[in-house]
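Asker:
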Amino acid sequence: MSSIASPAWSQNVIQELVVTAQKREEALQDVPIAVSAFNQDALEKGKIDGGPNLVLAVPNVNFSKGNFTGYNFQIRGIGSKLVAGSGDAGTGIHLNNAPLISNNLFETEFYDVERVEVLRGPQGTLYGRNATGGVVNLITAKPVDEFQAMIRGEIGNYSTRKVRGMVNLPLGDVFALRVAGSYLKRDGFGKNLVTGNDADDRDLWGGRATLGFTPTDNFRAYFMIDHFDEEDSRSRIGKQFCTKDNGPSNVGGLGYSAAAGGLIGQIQRGLFSQGCQATSLYSAGALGTVNSQATLGGLFGALGGFQTGDAYAGKMQTSDVRDIESSFDPIYRSKTDIYEFNLDWDLTDDLRLTWLTAYTKFDLYTRQDYNRYTPSTSFNTSPNPVNAFAAVPGYAGIYASLFPGGVINDAQNKPANRFTTSDISSAFTEQWSHEVRLQSAYDGPFNFNVGAIMVRYQGTGDYYVMFNTGTGYYQLNNLFNTGNPNCNGPSPCIAVDQNYEPNRSGHNYYDAYGPYDLRSHAFFGELYWQATDTLKFTGGLRYTVDDKEVENHQVTLGTPGSGIGGPIPGTPDILHVKFKETTGRIGFDWKPDLGFTDETLVYAFYSRGYKAGGLNSPCSGGAGVICGPATFDPEFINSIEIGAKNTVLNGTMTLNVTAFHYDYKGYQVSKIVNRASTNENIDAKIKGAEFESVWQPLQGLRLNAAIGWLDTEIGKGQSIDTFNRTQSNPNLVLIKTAAASNCVVSMASAQTALGFSNATNNPFAVLGACTPTSTAGAGTNIGGGALAVGTNAFGGLVSDGVPVNLDGKELPNAPHWTISLGAQYTYEFGNNWSATLRGDYYKQTETFARIYNSEPDRIDDWQNVNLTLTFANPESGWEVAGFVKNATDEEAITDFYLTDDSSGLYRNAFYTEPRTYGVSIQKRF
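Each number in the working numbering comes from the position in the sequence shown (counting from 1) with 259 added on.
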């Protein structure tokens, strides 16, 4: 039970919150599930404004934003570390029991809610959409048969303005209407040092209307419309971390070419760089900049002669983690509409039929500077003499004519004479769900709760990466091949999209596009046997069918033609997977009379959870590119959990403990390889314990604690760490591929390629070292366990890298300890006024962002302090409050995302919010 879930008391006896964690109303202490719940008052006093703040109050929970506008809400080490449009979340998000696959949990704020429930552990025999980690269920306030109204205003630092309101209107004896809304506008937490404007501001609002219909005592229904709208410069990511990798000074003693004034050697050295070194997030130089020569955009810059050397040479980022240096302000637009209809019909005194249907439309568009810092050098007004077109007669004149002053006219990035890259992450989804349940309440020993659900989810969207050096390079090729640099037609043209908003016609940018269609249905239920007055047995089963399809479109960057790409040759137009699984749980709960407690509930359950597999993102074909597997497998959890919920000290204390052990099969985790997300499956063991308590030793004083301990261990398995492909083996060398990915070759092979490059004065010849021309030697260990995939044109073996043994490693984002402590005291004044002072402290121990558990993966421990002071007069309805969130102004990293080889292997880090403070005034009617 959550310690702050019960804000009211009579004398100093704790008043319990009623929840529906088991799809029926029960006191929280009577539910044999590890569940935390918070009503609206508790959310406000604890400053749990939205989904991300739940981490501060629930044991063994971790939360962080993700790179592509998503998030990872992780319970007991289980969440969403995969990147796939067809992937499922480990934690199910529900609104009034209806599952929401696409949602705004990390964006919107809680307003006019009855309560928020967080269930820990596998769910599926009661909740319509199965989940391996747990469930977050947001229960909105429903219409009642009396007039109610509330208005609340808040101001704070960063020019924060918040308004919340609610009106409840009875409409005769049968209908009632409840309308609620929330508005937030504030300045940015940081500045864009280029434009001078705020970065990461907020401008969002939400509205909800619920119509209740109660024609008889045994028939209840409601229809709800919920809208969310945001348009601002929210930053998808925090800071970009990179300790610049200049490349080795020589290759095993063999130097780079000194010809052309060292310009050849400069390019060569860049092709032996991975962009960013694998260093700690907290090391000196971690806020450096990527070596652009090790990126795909940098490679195009060298091929066309646009850029000489590293575009970010000598540049460091500002140390203020809230500030960015972007050529334009981030663009963030999100809009969601949810329609729900729920019907509860008591067929008899003992049988209730429930029908819940929901429709959701989700629309998201975000655009931002890809690197979030500007170059230190400009493009050449005359081409670098070492370029791929140097043999073309009059190339210098052609270059000057096409790119006057070094300006590349790129429609997506606008004309610029500096290296410019941006990305767009967008999505449009629609979801229908229908759920039917039949629940009994017989006086006899047997009861049941059975149901079925159907979910249809369709999503489309794009992830674009647009870089002006690529556009310039393709404009040159088009000029020589078609006479029109900006052609947009069939081969040999490489289509150049002339629209600022890309429309998928261009092949001058990266576009990951694969519309997704999910059809899922399930039958589920539980049977209850009340063996004695104090002992009940529960058995549940679920049968799930998940049918997933993804349109198969390969990435068309740099390929001749225009428009959306077709499938990779030899693969179908539609990629399809289907999973059918039976899961369930069995266990008991017992209410013994122990004598030393007022009430005790002991429970023990075995459950099996399941999350479907899916399809990996489209691969970029091309020389030197090795595509990952097309699909990834489901994951399963075999869970054993025991717990006890106790009420002691004459009802003034609740003391709950839970222990669990998971056998985790097929944990889904992602890494970015060759500009495509590759999801892998590994096995792990998880064990942990949770302690939750609230104590009211005297009237007005309440103390609470929620402590989680977690121990995770990955089983046998191995994976190549793209951040350290050689695993620091001195006999192996990392080199760029022709697609700007990375490969590993032996030192001798690297020297052979560099020697040939030196002899021919062609720096780009080095790229051939990573391109297998045959499968000869495949499977050969070239050192440290790095297995060859084939042989290159120089006769050397080519490998993806040294696999890392994962045995014994920890799961990512799974801290050993989470500690939440709170204290609240209420002092009663005269005239029905009271003052409530509350403080909350949270601490999370260090963790790792990735499965490799290397020093670059380590995330430091962090803490948070929230303080509130509330003056309230319930009789008059007035309330005035002041608050401070993150009182110590902690700058805590919650997670990071490692990009791929062709982007230079930088890390996008995600932060907690800075210290905020303010005052609010509220009036209830």
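Even for Gly, the Cβ is constructed at its ideal location relative to N, Cα and C.
All values reported here derive from a predicted model rather than from experimental measurement.
Just list the beta strand (DSSP E) runs in the segment 959-1027, keeping only unbroken ones of 3 residues or longer that don't cross its boundaries, in chain order.
Answerer: Within the segment 959-1027, the complete beta strand (DSSP E) runs of at least 3 residues are 960-973, 977-979, 991-995, 1001-1005.
Asker: Three Cβ pairs or more, each shorter than 8 Å: is that satisfied between the segment 324-339 and the segment 560-575?
Answerer: Touching, no.
Asker: What's the gap between the Cα of residue 846 and the Cα of residue 380?
Answerer: Approximately 14 Å between the Cα atoms of the pair.
Asker: Quick check on the DSSP output: what are the complete beta strand (DSSP E) runs of length 3 or more inside the segment 314-348, in order along the chain?
Answerer: Correct list: 320-324, 330-334.
Asker: Taking Cβ to Cβ, would you say residue 867 is nearer than 8 Å to residue 896?
Answerer: For residue 867 and residue 896, yes; Cβs fall inside 8 Å.
Asker: Since residue 300 is in the alpha helix (DSSP H), which residue starts that stretch and which ends it?
Answerer: Segment 299-304, the alpha helix (DSSP H) holding residue 300.
Asker: Sort 585, 699, 1136 by Cα distance to residue 449 and report the nearest one.
Answerer: Nearest option by C-alpha distance: 585.
Asker: For residue 693, which of 683, 684, 715, 679 has the nearest alpha-carbon?
Answerer: The shortest Cα separation from residue 693 among 683, 684, 715, 679 belongs to 715.
Asker: Roughly how many angstroms lie between the CA atoms of residue 776 and residue 964, to the nearest whole one?
Answerer: Approximately 43 Å, taken between the alpha carbons.
Asker: Going by the CB atoms, is the gap between residue 502 and residue 538 shorter than 8 Å?
Answerer: The answer is yes: Cβ separation under 8 Å.
Asker: Are three or more beta carbon pairs between the segment 625-635 and the segment 688-708 nearer than 8 Å?
Answerer: Contact fails: fewer than three Cβ-Cβ distances are below 8 Å.
Asker: Give the DSSP-derived three-state secondary structure of residue 794 in the structure shown.
Answerer: Here residue 794 sits in strand by DSSP.
Asker: Express the C-alpha separation of residue 923 and residue 318 in angstroms, rounding to a whole number.
Answerer: If I take the Cα positions, the gap works out to 20 Å.
Asker: Since residue 522 is in the beta strand (DSSP E), which residue starts that stretch and which ends it?
Answerer: No beta strand (DSSP E) contains residue 522, which is instead part of the alpha helix (DSSP H) from 522-529.
Asker: Do three or more CB pairs link the segment 517-530 to the segment 1017-1026 at distances below 8 Å?
Answerer: Yes: the two stretches touch, three or more of their Cβ pairs being nearer than 8 Å.
Asker: Roughly how many angstroms lie between the CA atoms of residue 994 and residue 514, to the nearest whole one?
Answerer: Looking at the two C-alpha atoms, the distance is approximately 15 Å.
Asker: Report the residue from 1014, 294, 1071 whose alpha carbon sits nearest the alpha carbon of residue 945.
Answerer: Comparing Cα positions, the closest option is 1071.
Asker: Just curious, the alpha helix (DSSP H) that residue 732 is in, first and last residue?
Answerer: Taken as a continuous stretch (DSSP letters only), the alpha helix (DSSP H) holding residue 732 covers 727-741.
Asker: Residue 289 by DSSP, collapsed to three states: which one?
Answerer: Correct three-state label for residue 289: helix.
Asker: Using beta-carbon positions only, say whether residue 1016 and residue 1041 come within less than 8 Å of one another.
Answerer: No, Cβ-Cβ distance for residue 1016 and residue 1041 is not below 8 Å.
Asker: Determine the extent of the alpha helix (DSSP H) in which residue 657 is found, giving its start and end residues.
Answerer: Unbroken alpha helix (DSSP H) run through residue 657: 654-661.
Asker: Given a threshold of 16 other Cβ atoms within 10 Å of its Cβ, counted over all protein chains shown, does residue 977 qualify as buried or as exposed?
Answerer: Exposed.
Asker: Is it the case that the segment 907-919 contacts the segment 294-307, given that we only count it when at least three CB pairs across the two stretches are under 8 Å?
Answerer: Verdict: no, contact absent.
Asker: In the structure shown, what three-state DSSP assignment does residue 956 receive?
Answerer: Note: residue 956 maps to strand in three-state DSSP.
Asker: Do residue 798 and residue 708 have their C-beta atoms closer together than 8 Å?
Answerer: Contact flag unset, no.
Asker: Which of the three DSSP states is assigned to residue 756 in this structure?
Answerer: If DSSP states are grouped into helix, strand and coil, residue 756 belongs with coil.
Asker: Have a look at residue 1174 and residue 1146 and give me their C-alpha separation to the nearest angstrom.
Answerer: Taking the straight line joining both Cα atoms gives about 6 Å.
Asker: Can you give me the Cβ contacts of residue 821 inside the same chain, cut-off strictly under 8 Å, excluding the 5 residues immediately before and after it?
Answerer: So the list reads 747, 748, 749, 752, 754, 764, 765, 766, once near-sequence residues are dropped.
Asker: Do residue 438 and residue 422 have their C-beta atoms closer together than 8 Å?
Answerer: It is not a contact, given that the beta carbons lie outside the stated cut-off.
Asker: Among the residues of its own chain, which have a CB less than 6 Å from the CB of residue 823, if the five just before and after it don't count?
Answerer: Cβ within range, chain order: 763, 812.
Asker: Please go through the segment 822-855 and give each complete beta strand (DSSP E) segment of 3 or more residues, from N-terminal end onward.
Answerer: Complete beta strand (DSSP E) runs here, min 3: 833-849.
Asker: What does DSSP give as the partner residue(s) for residue 1045 in the beta ladder?
Answerer: DSSP, once it has assigned bridges, lists no residue as partnering residue 1045.
Asker: Using a Cβ-Cβ cut-off of 7 Å (strictly less than) and excluding sequence neighbours within five positions of residue 433, which residues of its own chain qualify?
Answerer: Cβ neighbours of residue 433 beyond the five flanking positions: 472, 473, 474.
Asker: Return helix, strand or coil for residue 311, following the three-state DSSP convention.
Answerer: Three-state DSSP puts residue 311 in a helix.
Asker: What is the DSSP secondary structure of residue 1105, reduced to helix, strand or coil?
Answerer: DSSP places residue 1105 in coil when its eight states are reduced to three.
Asker: If you drop the 5 nearest sequence neighbours on each side, which residues of the same chain put their C-beta closer than 6 Å to that of residue 962?
Answerer: Excluding positions up to five away in sequence, the list reads 954, 1082.
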